[in-house]
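Inspection log for the structure reproduced underneath, given as structure tokens.
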Amino acid sequence: MFAPVAASVGTVGNPPAQPSGTLFAEPSAERDSPRQSGRIPLFARDEDARTAVGGSLLIDERYERLEGFDVDTSGYDNFSFVTTHIESLTDQDGLVFVDGGHGQFGADYALSSEDMAYYQRHLEGRGVNLEQLNDLTLDRLSMAQALIITTPATALTQDELDAVAQFRDGGGAVVLMGSA
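Dropping the structure here:
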């Protein structure tokens with residue numbers, strides 16, 4: 036895996052009942068906080084909560100050779116990794132939405148659909164469409180199998196948070212990504 040600008044992920048309070056699919060940093064990685072020790076988790080999922088959390092923008096097209104990145108990252112298989120996690124969290128069919136209505140467009144620390152063209156092609160090869168969603172409503176989310184949210188510049192409203200929770204509780208997958 037290639038995890039650019041990575042941050043560790045963790046839990047506040049009770050750990051997930053069934054944590055799985057955890058991606059850890061290499062043993063040589065160091066933490067910013069000396070209070071923490073042990074392996075550094077960069078990505079994890081909680082199947083019971085149908086939620087995955089990643090401390091890096093694993094599907095950011097800036098890290099593709101054709102976009103001018105110096106290293107060939109195509110062999111790291113980030114796209115399949117994220118898609119496999121989505122598939123493990125939901126049995127629903129439908130498209131994958133990426134939240135773009137909270138200031139993610141053009142932000143270095145977040146992704147909108149414009150930053151995910153390579154991942155979009157990956158999904159299309161699997162018969163799944165990727166679309167940006169700017170209004171997080173249950174009506175719109177009901178068409179999807181998953182919602183990807185990267186670090187928002189503006190907070191989600193309570194109505195949006197409720198819609199995301201209802202979508203997840205109804206069987207949809209929620210993937211949170213970012214290191215900001």
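Following the working numbering, the numbering of the sequence shown begins with 36 at its first residue and continues without gaps.
We put the beta carbon where it would ideally sit given N, CA and C, even for glycine.
{"Query": "List the endpoints of the continuous beta strand (DSSP E) containing V133.", "Result": "130–134"}
{"Query": "Count the CB pairs spanning the stretch 138–149 and the stretch 102–114 that are closer than 8 Å, and state whether there are at least three.", "Result": "no"}
{"Query": "Mind checking whether A60 and A79 have CB atoms under 8 Å apart?", "Result": "no"}
{"Query": "Strictly by DSSP, which residues pair up with M151?", "Result": "Beta-bridge pairing links M151 to no other residue."}
{"Query": "Please report the straight-line C-alpha distance between G213 and I184, rounded to a whole angstrom.", "Result": "9 Å"}
{"Query": "Mapping the DSSP letters down to three states, classify D170 as helix, strand or coil.", "Result": "coil"}
{"Query": "Quick one, are the C-beta atoms of P39 and T57 less than 8 Å apart?", "Result": "no"}
{"Query": "Compute the distance between the beta-carbons of Q127 and G207, then report whether it is under 8 Å.", "Result": "yes"}
{"Query": "What residues match up with I10 in a beta bridge as DSSP calls it?", "Result": "This structure cannot settle anything about residue 10, because the visible part of the chain is limited to 36 through 215."}
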